[in-house]
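To start, the structure under review is shown below, and the notes come after it.
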Amino acid sequence: KGYRIPGGTPSNPKFAANLPAFPANLKKQIAGAPMPAPRNILAAAVEGSQVDFETALTIEARYFTELVTGQVSKNMIQAFFF
Numbered sequence: 060k061g062y063r064i065p066g067g068t069p070s071n072p073k074f075a076a077n078l079p080a081f082p083a084n085l086k087k088q089i090a091g092a093p094m095p096a097p098r099n100i101l102a103a104a105v106e107g108s109q110v111d112f113e114t115a116l117t118i119e120a121r122y123f124t125e126l127v128t129g130q131v132s133k134n135m136i137q138a139f140f141f
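First residue of the sequence shown: 60, per the working numbering; consecutive thereafter.
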């Protein structure tokens with residue numbers, strides 16, 4: 060339908076110039092804590108922006124499933140709900 064990502068995709072030179080700084084900024088924001096969710100969100104956004112919409116949904120679902128079934132999620136459920 061002609062949807063476009065605001066700011067462009069990673070193939071856009073202006074956007075691509077900033078892309079290498081994203082992981083470093085993310086690590087700084089979470090103070091190096093071992094939290095997989097922010098890392099997975101960034102990875103899904105970057106990977107998903109390089110492919111068609113259906114493939115992007117598959118990529119996002121894969122990262123989400125990894126988070127939901129991961130050890131951090133299991134630990135949080137155990138700590139907060141039981």
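By construction, the Cβ of each residue, glycine as well, lies at the ideal position given by its N, Cα and C atoms.
- When DSSP states are grouped into helix, strand and coil, S70 belongs to the coil group.
- Annotation note: the region 79-109 contains the following uninterrupted alpha helix (DSSP H) runs of length 4 or greater, listed N- to C-terminal: 80-88, 95-107.
- Boundaries of the alpha helix (DSSP H) harbouring Y122: 112-128, taken from the DSSP string.
- With contacts defined as CB atoms closer than 9 Å, L116 and R98 fail to qualify as a contacting pair.
- Cβ contact annotation for I89 (same chain, cutoff 8 Å, sequence separation greater than five): P97, in chain order.
- Counting C-beta atoms within 10 angstroms of its own C-beta, Y62 has fewer than 16 neighbours from the protein chains shown and is therefore classed as exposed.
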